[in-house]
Structures are given as C-alpha cells and as structure tokens.
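Scroll down for the structure; my scribbles are underneath it.
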C-alpha cells in the first residue's frame, strides 16, 4: 500500500490537470477498479484506451470485469475477446473469462481457468484462489449460479 498511497494522489492530481492524459487515466482507473468503483474505472479506462499506443490487453481485461460488475455481459465478452486477441498468454485475461462465463458457459469457464492455471507464474499467489475456483467449477452442474470464491458478482439472473 505504501507506493499506492503516494502514487494515487499524484496521479489523481495529474489527471485533474490533464484529463486526457492516458497514463494518469490508466493508473487512476486501475485504482478505481481495485476500490470496486467500476463506473469510474470504466470511464477512465475508456479514456486511457483512446490515448495509449500498442498492446493494452490488461486494460481490456479490467474493462471486461468492470462491464461484468455493472451488469453488461455483452460488453464484458467483447472486452475479453479484445484482451485475448492482444495477449493470448495473459493468465489474468483467461482468469477473467472464467469469472465472467462461469454461469453462462460452464465448459468455457472451466477451460479458461485451466488455461489460466497453466500460464500463471510458478508459486504466484493467485493460483491458490484459482485452484479453489477450479474445484468450484468442477462441482457446479450449471443448473444454478456456481458457488465459489469468486472475485466478482455474477450477472446471472436467477
């Protein structure tokens, strides 16, 4: 938290001074996502995407999770496709796909999580949660929302 505590106010001030600064928008949008302010994060990352050159796969992964958390499943799927097109070896993108698809396409969610686990760096902390999620997907039969240690609220309508 130390670095974030000093970076966030500086980036927020930078963004206030230059609202079209894509780097500031990316960083503040990422912090907003971590704070579960998905509406603000979505808007800031949308602005960042317009000004950032090159590959921005992780940005689209965050946008997919923002859209999912805001209930826009189609936008979420589109952002996931874009993220995976830009970087098919990003375990976070596959992990996000499992989160989003778990209650809509159980097979795809299981496969996405399997791919994510194969790509996660050795001994990475996320693998513990991912293995628990994998067990939850295995136990799920698809007749109801899959219970498990999910990071994001399912958009499935009961």
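Residue numbers (my numbering): 1408 to 1565. The beta carbon of each residue, even a glycine, is placed where N, CA and C say it ideally should be. Quick caveat, the model's predicted, so the values are computed rather than measured.
Asked, Found
"Assumed close pair residue 1552, residue 1512 - CB separation to whole angstroms, cut-off 8 Å", "13 Å between Cβ atoms; not a contact."
"Given residue 1557 as reference, the closest of 1485, 1478 and 1502 once Cα atoms are compared", "1502"
"Endpoints, the alpha helix (DSSP H) within which residue 1488 is located", "1480-1493"
"Residue 1565 to residue 1549 span [Cα, whole Å]", "Any reading at residue 1565 is ruled out, since the residue's pLDDT is 41, under 50, leaving its predicted position unreliable."
"Range covered by the alpha helix (DSSP H) that runs through residue 1470", "1464-1476"
"Close-in-space but distant-in-sequence residues of the same chain around residue 1482 (CB under 6 Å, 5 per side omitted)", "1474"
"Start-to-end residues for the alpha helix (DSSP H) that takes in residue 1435", "1429-1441"
"Residue 1469 to residue 1437 span [Cα, whole Å]", "8 Å"
"Contacts around residue 1498, its chain only, beta-carbon distance under 7 Å, and the 5 residues preceding and following it disregarded", "1523, 1526 and 1527"
"DSSP state of residue 1501 mapped onto helix, strand, coil", "helix"
"Collapsed DSSP secondary structure at residue 1557 in the structure displayed", "coil"
"Cβ neighbour criterion (16 or more within 10 Å) applied to residue 1416", "exposed"
"With 16 other Cβ atoms within 10 Å as the buried cut-off, status of residue 1532", "exposed"
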